[in-house]
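Residues 259 to 788 in our numbering are what the sequence shown lists, from first letter to last. The beta-carbon is built from N, C-alpha and C at its ideal position, and this holds for glycine as well. Since we're looking at a predicted model, the values are computed, not measured.
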Amino acid sequence: MRKITWTLGTMVLVGIPALLGSACENTAEQCDLINVPCSPSGTGSMGSSSSGSSSSSGTGGTPAGCIPSESKTPVEESCGVFVSSSLGDDKNGGTQAKPFKTIGAALMKAGVARVYVCGESFSEPVVVSSAVELYGAVDCLKSWAYDPSKKTALTVAEDKIPLTLGNAAGAASVEDFAISSVAAKTPGGSSIAVLADGAKVSFTRCTLTSGDGRDGATGEDAPSAAAQAGTIGNSGGNACSADTVNGAAAVKNACGMANSIGGKGGDGNDVFGGTGADGLPNNGGGQAGKGDDSSVGWSCAGNGGDGKSGLPSTAGIEGAGALMTELGTLTSTGFLGAAGKDGDAGKPGQGGGGGGGVKGDGTMAKTLCNGKPGVGGASGGSGGSGGCGGLGGKGGKGGGSSIALVSLGATLTLSDVTMKAGVGGKGGAGGDLQAGGDPGNGGAGGTNSNVATLNSGCKGGDGGKGGDGGPGGGGRGGHSIGVAYTGAAPMIDTKQIKTGVAGKGGPGGNSDLKMNSGSDGMAAPIQVFP
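Below, the structure written as structure tokens:
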């Protein structure tokens with residue numbers, strides 16, 4: 259018979275060579291022999307934990323008996339809290355007999371360090387904001403024993419991320435989960451399975467699968483109707499209506515562009531006609547018509563009395579399509595695709611030149627004007643103003659991406675993890691342009707008041723057509739990426755990552771009139787972002 263001797267505060271075993279180490283390292287059979295309580299791992303305990311009972315799989319020396327994959331027996335009640343979507347209720351206490359229904363409720367329990375989730379399906383967005391160990395693949399119908407064939411499935415509704423780990427999470431671990439996001443629903447929305455924001459987290463025996471990204475929204479079209487037309491020039495005054503018949507007043511366009519002005523018409527005097535004013539701006543406005551200088555055979559057409567038309571203006575520059583260098587932006591809430599640029603507005607057309615005035619009676623007896631109030635000749639009409647410039651189309655939005663794992667400066671340990679990304683969404687098309695406004699017609703010259711020997715005033719020049727707006731650029735196509743990260747690159751064999759097809763870039767506005775489509779997205783196992 260073996261001899262056991264007790265001393266105060268210390269147990270000394272005599273005649274038992276197998277028990278030379280600390281009592282904490284004894285087997286379950288040895289514990290039974292000496293009547294010492296055992297820890298959940300089956301090792302003996304004397305009120306202190308043994309270094310031999312910890313595991314690197316845990317976040318802080320977790321006993322192997324509390325790690326389902328390392329224990330040959332079911333997880334014990336004392337190891338943590340328990341979750342079952344089929345058996346649980348969030349009003350429960352999280353015990354094995356009365357588990358929580360959702361993972362979120364378990365994480366809300368004060369002081370929770372380990373959460374055991376039945377190998378069932380869960381549909382909820384899970385946010386980890388404290389140091390915790392999440393264990394899946396336990397069979398809640400078999401005493402919460404480990405079953406590697408029953409990974410815990412976690413998914414969520416459209417446009418949400420199934421699992422997010424914040425930077426306050428500390429050291430967290432996730433084992434035996436199959437995490438998947440569904441196809442995005444919102445235009446330009448992305449599908450992301452896991453987002454780790456500054457967290458330190460390990461994943462073991464997990465699969466991360468992201469659904470398809472959504473096509474980007476089309477850029478807003480400019481108004482379909484052409485821009486405001488230029489203002490019609492004013493008509494000149496009639497001959498014999500005054501000693502000096504003032505030329506028609508200048509006009510400007512209706513879109514508030516004061517630099518597009520139809521020139522004033524030339525005055526009609528008794529012995530000569532005044533020259534009209536040039537349209538504005540000076541470098542593009544119509545040339546003024548000359549006045550009647552009493553030369554033989556003078557006419558508005560033959561002697562240049564009509565004002566010249568203003569020049570049409572240039573179209574707005576098209577918005578650039580999103581470039582290959584524009585990856586889009588990773589954020590704490592997901593991913594924002596690269597949008598195309600807006601098209602510029604077209605410039606207004608230039609003002610027409612004012613028509614020339616003509617000479618009148620030339621005598622004080624008013625013989626030709628037949629006793630009318632004055633002896634001045636007919637004045638010229640003013641030039642029409644230019645049409646307003648068309649507005650540009652807006653840039654198309656970037657396509658949504660499919661990303662299995664987003665890491666924002668996180669520290670990741672990936673062991674036996676596989677990933678699969680879906681299809682990237684197409685980039686949005688650029689918006690269509692607005693056509694420039696039509697030119698304003700020049701004003702008519704004044705009449706000769708039925709005096710056959712007097713000329714009528716000269717016509718003002720038409721304004722120039724407004725420039726068309728620029729079409730919007732196409733958005734970049736969405737990506738298909740296994741791991742999209744900032745900071746340190748995670749260590750993982752790219753053979754464990756499958757990517758889908760990247761989204762096509764969106765065409766530029768007006769059926770890619772200016773060939774300003776966006777670039778296609780990329781398909782990459784791992785991609786760094788700025």
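Within 10 angstroms of the beta-carbon of residue 749 lie fewer than 16 other beta-carbons, which makes it exposed.
When DSSP reads this structure, residue 785 sits in a beta bridge with 742.
Shown here for residue 335: same chain residues with a beta carbon closer than 8 Å to its own, the five before and five after excluded, namely 353, 354 in chain order. Taking the Cα of residue 435 as reference, the smallest distance to any Cα among 676, 487, 744 is reached at 676. Counting only the Cα atoms, residue 513 lies some 57 Å from residue 755. Non-local beta-carbon contacts of residue 539 in its own chain, meaning distances under 7 Å to residues more than five positions away in sequence, involve 517, 608 in chain order. Between residue 594 and the set 556, 449, 703, the nearest pair of CA atoms involves 449. By the neighbour-count definition (other C-beta atoms within 10 Å, threshold 16), residue 492 is a buried residue. The C-beta distance from residue 547 to residue 534 rounds to 5 Å, short enough to meet the 8 Å contact threshold.
Annotation for residue 714: 497, 558, 616, 636, 703, 704, 705, 706 place their beta carbon closer than 8 Å to its own, counting only its chain and skipping 5 residues before and after. In this structure, DSSP gives residue 455 an extended state, which the three-state scheme calls strand. Each of 588, 440, 366 was checked against the Cα of residue 744, and the nearest Cα belongs to 588. The region 674–693 makes contact with the region 573–581: 3 or more CB pairs, one atom from each, lie closer than 8 Å. Secondary structure of residue 649 (DSSP, three-state): coil. Per DSSP, residue 539 has no beta bridge partner at all. A residue is called buried when at least 16 other Cβ atoms come within 10 angstroms of its Cβ; residue 604 meets this threshold and is buried. The beta carbon of residue 781 sits closer than 6 Å to those of 738, 757, 760, all from its chain and outside the five residues before and after it, given in chain order. In this structure, the CA atom of residue 365 is about 10 Å from the CA atom of residue 340. Each of 536, 489, 417 was checked against the Cα of residue 614, and the nearest Cα belongs to 536.
Segment contact: the region 624–640 against the region 410–420, fewer than three CB-CB distances shorter than 8 Å; contact not assigned. When the Cα atoms are used, residue 655 and residue 577 turn out to be separated by approximately 12 Å. Shortest Cα-Cα distance from residue 582 to any of 549, 787, 331 involves 787. Take residue 382, set aside five residues on each side of it, and the residues of its chain with a beta-carbon closer than 7 Å to its own are 360, 361, 362, 414, in chain order.
Listed in chain order, the alpha helix (DSSP H) runs fully inside the region 323–369 are 361–366, counting runs of at least 4 residues. The shortest C-alpha to C-alpha distance from residue 726 to any of 462, 601, 394 is the one to 601.
Remark: C-beta atoms of residue 680 and residue 776 do not approach each other more closely than 8 Å. Here residue 459 is near residue 668, since their CB atoms are less than 8 Å apart. The beta-bridge partner set that DSSP reports for residue 678 consists of 467, 756.
Between residue 389 and residue 397 a beta carbon distance of about 26 Å is seen, past the 8 Å cut, so the two are scored as non-contacting. The residue among 425, 698, 719 with its C-alpha nearest the C-alpha of residue 486 is 698. The C-beta of residue 369 has fewer than 16 other C-beta atoms within 10 Å across all chains shown, which makes the residue exposed.
For residue 499, the secondary structure class from DSSP, reduced to helix, strand or coil, is coil. Within 10 angstroms of the beta-carbon of residue 606 lie 16 or more other beta-carbons, which makes it buried. Straight across, the Cα-Cα distance linking residue 641 with residue 508 is about 7 Å. Residue environment for residue 480: buried (at least 16 other C-beta atoms within 10 angstroms of its C-beta).
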